[in-house]
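Enquirer: Counting in my numbering, the sequence shown runs from -1 upward without gaps.
Here a beta-carbon is modelled for each residue, glycine too, at the ideal position from N, C-alpha and C.
So that we are looking at the same thing, I have put the structure below in structure tokens.
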Amino acid sequence: GGIFPQEPWRGDSSTLHDEEDPRTLEVRDARQAASPLTLRRSGFELRHWPSAVVDFYNDDLIRSQYYPETAELVRAACGAEDVFVFQHMRRDSSALNKESGGARNAAEAKAHGAVQRVHADYTPENGPRKLRELAEAGVVSEREIAHRRWSIVNVWRSIDAEQPVRAQPLAVLDASTVAAEDTFTYALVMDEAEPPLVGFNNGVGFSERHAWYYYPHMLSCGTRRRCSSTRTSYDGTAPLEGPRFVFHTALGDTGGGGEAAAP
């Protein structure tokens, strides 16, 4: 399935309204943060985690080698008893998507365009639904998820062994600066599907209190590999400690300095 649950769209697409609020704001260098940025407090952190994968465009290697590596990373970062890796996606700033030129990503594409829309992937409603989908697909068992706290965790890594990331780097919003009233749910209608589908995502409005960060010039070569983890949390039993949703986007023009556009 997709990243988030989808269902048939039976509405009238002509009635949909997509209103964006572009802002130019400061996006700070996370390595220079006054205090450490951690999963528990801010919803994301940077970790050194080398990989043995030599070809990140080989999906068989991704599943056989990188999935176990990622599970160990998440286990170390979150203290989880069990980790199940269920999906991966490559992002390429040269690829187009709906946010950049109206192109449509094929599900089987080798890489997809960076998403320049602030989002958190899941909502309070479809996060638990995604877990049920994974149980129905046999990725996890009902026994393993019953009466247990759980989270959906995103892991990003640069896969370019030659050049650091410069175009459209990942930016993350410090979850400790977000209030519940800042957030909203929005629909994503996929008219190109047959039949048309709709999914729902988590958005956040602009606030002067928000603190955005990114890690400039991330690399994937030798001992300089880095990956960034963020957590989108859901819980079937009791409130989790730390952030529940972590908003992120691909930056626009960084201008070589400390300011960038975050749509």
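#1: Grouping DSSP H, G and I as helix and E and B as strand, with all else coil, what is S11?
#2: So L195 and F245 are in contact, right, with Cβ under 8 Å, and what is the actual spacing, rounded?
#3: If we ignore side chains and look at the alpha-carbon of each, how far apart do N56 and Q4 end up?
#4: According to the Cβ coordinates, are H110 and R89 closer than 9 Å?
#5: Kindly indicate which three-state DSSP category P3 falls into: helix, strand or coil?
#6: Just to confirm before moving on: does the CB-CB distance between Q85 and T247 stay below 9 Å?
#7: N200 and T181: beta carbons closer than 9 Å?
#8: Are A75 and L37 closer than 9 Å when you measure CB to CB?
#9: Can you tell me whether S218 is buried or exposed, with buried defined as 16 or more other CB within 10 angstroms of its CB?
#10: Can you tell me which of Y184, D16 and V163 puts its alpha carbon nearest to the alpha carbon of F198?
#11: Identify the continuous alpha helix (DSSP H) that holds L37 and give its terminal residues.
#12: Straight-line CA distance for A78 to V72?
#13: Buried or exposed: V52, going by 16 or more other Cβ atoms within 10 Å of its Cβ?
#14: If the criterion is Cβ atoms closer than 9 Å, does the pair F42 and A173 meet it?
#15: Skipping 5 residues on each side, what residues in its chain have a beta carbon closer than 6 Å to that of G203?
#16: Nearest to R29 by alpha carbon, out of D80, M216 and L249?
#17: Inspect the beta-carbon positions of E25 and A169 and report whether they are closer than 9 Å.
#18: Along the chain, where does the alpha helix (DSSP H) containing T68 start, and where does it finish?
#19: Within a Cβ cutoff of 8 Å, which residues of the same chain sit near D119, ignoring the five residues on either side of it in sequence?
#20: For R242, count the other beta carbons within 10 Å of its own beta carbon; 16 or more makes it buried, fewer makes it exposed. Which is it?
#21: D189 and W7 - do their beta-carbons sit closer together than 9 Å?
#22: Quick check for students: name the residue ranges of the beta strand (DSSP E) that lie wholly in the stretch 129 to 207, counting only runs of 3 or more.
#23: Is G125 near the ligand ZN, with its Cβ less than 8 Å from a heavy atom?
#24: Expressed to the nearest angstrom, what Euclidean distance is found between the alpha-carbon atoms of L132 and V138?
#25: Mapping the DSSP letters down to three states, classify A248 as helix, strand or coil.
#26: Quick one: grab the DSSP three-state call for L266.
#27: By the 10 Å Cβ neighbour count, where 16 or more other Cβ atoms means buried, how is R155 classified, buried or exposed?
Expert: Looking at the coordinates:
#1: Here DSSP, grouped into helix, strand and coil, assigns S11 to helix.
#2: Their Cβ separation, rounded to whole angstroms, is 23 Å, which puts L195 and F245 out of contact at 8 Å.
#3: Distance between the alpha carbons of N56 and Q4 is about 27 Å.
#4: Taking 9 Å as the Cβ cut-off, H110 and R89 qualify as a contacting pair.
#5: Three-state DSSP puts P3 in coil, outside helix and strand.
#6: Taking the C-beta atoms as reference points, T247 is found no nearer than 9 Å to Q85.
#7: In this structure, N200 places its C-beta atom within 9 Å of the C-beta atom of T181.
#8: In this structure, A75 places its C-beta atom within 9 Å of the C-beta atom of L37.
#9: That one is buried.
#10: Of the candidates Y184, D16 and V163, Y184 places its Cα closest to the Cα of F198.
#11: Here the alpha helix (DSSP H) through L37 covers L37 to S40.
#12: Computed Cα separation, rounded: 7 Å.
#13: Counting C-beta atoms within 10 angstroms of its own C-beta, V52 has fewer than 16 neighbours from the protein chains shown and is therefore classed as exposed.
#14: Closer than 9 Å, so yes.
#15: Only D180 meet the Cβ criterion.
#16: Closest by alpha carbon: M216.
#17: The sequence given here places Val at residue 25; Glu does not occur at that position. A contact, by the Cβ cut-off of 9 Å.
#18: Y65 to C76 is the extent of the alpha helix (DSSP H) around T68.
#19: The answer, listed in chain order, is I1, F2, I150, N152, N199, N200 and T230.
#20: R242 comes out buried.
#21: The Cβ atoms of W7 and D189 sit closer than 9 Å to each other.
#22: Qualifying beta strand (DSSP E) stretches, in chain order: 147 to 155, 168 to 171, 181 to 188 and 195 to 202.
#23: Questions concerning the ligand ZN fall outside what the structure shown contains, since it holds no ligand whatsoever.
#24: Linking L132 to V138 through their CA atoms gives a straight-line distance of about 6 Å.
#25: A248 falls in the strand class under three-state DSSP.
#26: As shown, the chain starts at -1 and ends at 261. That puts residue 266 outside it, with no answer to give.
#27: With 16 or more Cβ atoms within 10 Å of its Cβ, R155 is classed as buried.
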